[in-house]
Amino acid sequence: MRSWERLTVVALAAIGCSCSMAFVTPVSVATAAGRSATLRFATATTPANGALSLDPAAAKPAPAAPAQAAPLLLAPPALYQNAVELGAKKAAMPINKILTLGILSGCHIGFGALLAVTVGGNVPEMAAANPGAQKFLLGAVGLPFGLFMTLVGGGELFTGNTALVTAALLEKRASLKGLLKSWSISYLGNFLGSLLLAAIAVNAGIIAVPALKGVACAKAAVYPVQSFFRGLLCNWLVCMAVYMSAGASDAGGKLAAIFLPISAFVALGTDHCVANMFLLPAAMMVGADIGLGRFLFGHLLPVTLGNIVGGAAAVAGMYSLAFGSGGAKAAEKTA
Numbered sequence: 049m050r051s052w053e054r055l056t057v058v059a060l061a062a063i064g065c066s067c068s069m070a071f072v073t074p075v076s077v078a079t080a081a082g083r084s085a086t087l088r089f090a091t092a093t094t095p096a097n098g099a100l101s102l103d104p105a106a107a108k109p110a111p112a113a114p115a116q117a118a119p120l121l122l123a124p125p126a127l128y129q130n131a132v133e134l135g136a137k138k139a140a141m142p143i144n145k146i147l148t149l150g151i152l153s154g155c156h157i158g159f160g161a162l163l164a165v166t167v168g169g170n171v172p173e174m175a176a177a178n179p180g181a182q183k184f185l186l187g188a189v190g191l192p193f194g195l196f197m198t199l200v201g202g203g204e205l206f207t208g209n210t211a212l213v214t215a216a217l218l219e220k221r222a223s224l225k226g227l228l229k230s231w232s233i234s235y236l237g238n239f240l241g242s243l244l245l246a247a248i249a250v251n252a253g254i255i256a257v258p259a260l261k262g263v264a265c266a267k268a269a270v271y272p273v274q275s276f277f278r279g280l281l282c283n284w285l286v287c288m289a290v291y292m293s294a295g296a297s298d299a300g301g302k303l304a305a306i307f308l309p310i311s312a313f314v315a316l317g318t319d320h321c322v323a324n325m326f327l328l329p330a331a332m333m334v335g336a337d338i339g340l341g342r343f344l345f346g347h348l349l350p351v352t353l354g355n356i357v358g359g360a361a362a363v364a365g366m367y368s369l370a371f372g373s374g375g376a377k378a379a380e381k382t383a
């Protein structure tokens, strides 16, 4: 190669370095022999020590940052917005689907109540010697399992809908008509499912009759005003379980969100209208001295009203004030 050709090659290399090209550029240089010599220039990079690098590997793009994993549990404001979206979907659901899923949920909760009575309600020696431990066992085994089936497998539970659909209504994502449809049809479906499972369990002969009668008669003997407040406390906890589990991204998180509040409401002796739709009719089917009027109007009605207040006011209403439009309106008034 002649001297002027060597000078040309050096000049081209210098130009490539000074331009800091972001990719490898092929350059053909004609030689005196009529052949072309191809030169490839890599990006010139300046590492931390200040030295200029012509390493071709430096031209490779940096690897993409790994995708951020979804949080195991949503933060409180996002948790409320998630509940609003879920409530809007429930309000828009067709009647036949609400009814079908409501029947399933009634059966699921009935299974949980049946298991609770069979295990925790069937240990009279423990109840006499250590009532606290017996109440803990009654709460831990049964109803958390029933709610887990509904929330993971799919269902329409009236008590949970009192919070979720109310939240959607408060944020103008659902209409009053949609709320009433969701509540009434899911309540009917839950009642039908509970009665169906009660009839099947009685005919299967798997009910611990003395334990069931004891639990059901004790509930029926409570004054209606007390039943109302027990219903309020109960569904406050139930709706917190539904609310939190909806924001969990895996089955373990959902189970934890369900287990703690549900076991608490059972151990505390509060009342859940759907669970009692199974317990009291099943007890009546095996001969418990509970009249139909006493069950419907002296017990189920006040418990249902308390459940509505617990879900709609204590959960949906309070979180709307904290994270939703209710809080924005309050801020405008005080501004």
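Note that my numbering has the sequence shown beginning at 49, numbered continuously upward. Note that CB positions come from ideal geometry on N, CA and C, so glycine has one too.
Bridge partners - residue i, DSSP secondary structure assignment
| i | result |
| --- | --- |
| Leu121 | Ala296 |
Beta carbon of residue i nearer than 9 Å to that of residue j
| i | j | result |
| --- | --- | --- |
| Ala289 | Leu260 | no |
| Ala161 | Leu191 | yes |
| Val270 | His156 | no |
| Ala181 | Val314 | no |
| Leu349 | Pro272 | yes |
| Met333 | Gly154 | no |
| Val363 | Arg221 | no |
| Leu243 | Asn355 | no |
| Pro119 | Ser293 | no |
| Val206 | Ser234 | For the sequence presented, residue 206 should be read as Phe rather than Val. In this structure, Ser234 lies closer than 9 Å to Phe206 by Cβ. |
| Tyr291 | Ala211 | yes |
| Arg278 | Gly317 | yes |
| Val213 | Ser232 | no |
| Pro124 | Phe371 | yes |
| Ser311 | Ala188 | yes |
| Ile304 | Ser223 | The displayed chain sequence assigns Ala, not Ile, to residue 304. For Ala304 and Ser223, no; Cβs fall outside 9 Å. |
| Gly365 | Leu227 | no |
Three-way DSSP call (helix, strand, coil) for residue i in this model
| i | result |
| --- | --- |
| Val290 | helix |
| Ile255 | coil |
| Leu100 | Unreliable placement is indicated for Leu100, whose pLDDT of 46 sits below 50; no coordinate value is reported for it. |
| Ala246 | helix |
| Arg221 | coil |
| Val171 | coil |
| Met197 | helix |
| Asn178 | coil |
| Leu205 | coil |
| Gly190 | coil |
| Thr79 | Note that Thr79 scores 46 on pLDDT, short of 50, meaning its location in the model is unreliable; the coordinates nonetheless yield the value given after this. The answer is coil: DSSP assigns Thr79 none of H, G, I, E or B. |
| Tyr235 | helix |
| Val270 | coil |
| Ala389 | This structure does not reach residue 389, given that the chain is present from 49 up to 383, and the question cannot be answered. |
| Ala161 | helix |
| Ala131 | helix |
| Ala211 | helix |
| Ala216 | helix |
| Cys155 | helix |
Sequence-distant residues of the same chain with beta carbon closer than 6 Å to residue i, five excluded per side
| i | result |
| --- | --- |
| Ile151 | Gly237, Leu240 and Gly241 |
| Thr352 | Cys321 |
| Ala81 | Because the pLDDT at Ala81 is just 44, under 50, the model does not fix this residue reliably, and the value given afterwards should be weighed accordingly. Here the set comprises nothing. |
| Ala96 | Bear in mind that the predicted position of Ala96 carries a pLDDT of just 49, short of 50, making it unreliable; the figure below should be weighed with that in mind. Excluding residues within five positions, none has a Cβ falling inside 6 Å. |
| Tyr367 | Tyr128 |
Contact set for residue i: own chain, Cβ-Cβ below 8 Å, skip 5 residues either direction
| i | result |
| --- | --- |
| Phe159 | Phe193, Gly194, Met197 and Leu245 |
| Ala385 | A question about residue 385 goes unanswered here, because the residues of the chain that appear run from 49 up to 383. |
| Val171 | Gln182 and Leu185 |
| Ile338 | Ala264, Cys265, Ala268, Leu328, Ala331 and Met332 |
Close Cβ partners of residue i (< 7 Å) along its chain, the five nearest in sequence each way excluded
| i | result |
| --- | --- |
| Asn130 | Leu122, Ala294 and Gly295 |
| Asp319 | Lys267, Ser275, Arg278, Gly279, Cys282 and Val351 |
| Leu357 | Going by the sequence as given, residue 357 is Val instead of Leu. Excluding residues within five positions, the ones whose Cβ falls inside 7 Å are Leu280. |
Quick check for students: name the residue ranges of the alpha helix (DSSP H) that lie wholly in the stretch 295–379, counting only runs of 4 or more. The qualifying runs are 299–316, 321–333, 349–357 and 366–371.
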